[in-house]
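All remarks here apply to the structure that follows.
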Amino acid sequence: MEAIIIIGVYCLIMGSIVLFASGLVSYFFPKIHVIFILAASALAGLLASFVFDVGTLFAIIFNIIFSGLAVALGRFGRYLKNKTDVEPESILH
Numbered sequence: 408m409e410a411i412i413i414i415g416v417y418c419l420i421m422g423s424i425v426l427f428a429s430g431l432v433s434y435f436f437p438k439i440h441v442i443f444i445l446a447a448s449a450l451a452g453l454l455a456s457f458v459f460d461v462g463t464l465f466a467i468i469f470n471i472i473f474s475g476l477a478v479a480l481g482r483f484g485r486y487l488k489n490k491t492d493v494e495p496e497s498i499l500h
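Count along the sequence shown from 1, add 407, and you get the number used in the working numbering.
What follows is the structure, given as structure tokens:
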């Protein structure tokens, strides 16, 4: 029972932090390569696995998956922003 609570708290806290931080970094700093963001997320998962006392491999894979999802959403948001920023004169020609 304790393990379920600990893993649930870990998923709630670290999932929120990783999604928010990775999404912000990928949206506002598009020059940073995806591998560096995923590596930083994996390192955060490694450190958090010792704090929350959860499985190390679970924490690393969980953080990488959520970070990859956030990076994809951040890059997609940047792509949509660039596609909609069109000069009005170019539409008429």
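We put the beta carbon where it would ideally sit given N, CA and C, even for glycine.
{"Check": "Is it a yes or a no for the stretch 452-469 touching the stretch 426-442, going by three-plus beta-carbon pairs under 8 Å?", "Outcome": "no"}
{"Check": "By Cβ distance below 7 Å, which residues in the same chain neighbour Val432 in space, the five residues on each side in sequence not counted?", "Outcome": "Ile439 and Ile444"}
{"Check": "Can you give me the C-alpha to C-alpha distance between Phe457 and Leu450, rounded to a whole angstrom?", "Outcome": "11 Å"}
{"Check": "Indicate the three-state DSSP secondary structure (helix, strand or coil) for Val493 in the structure shown.", "Outcome": "coil"}
{"Check": "Thinking C-alpha only, which one of Asp460, Tyr486 and Ser448 is nearest Phe409?", "Outcome": "At residue 409 the sequence reads Glu, which differs from the Phe that was named. Out of Asp460, Tyr486 and Ser448, Asp460 has the C-alpha closest to the C-alpha of Glu409."}
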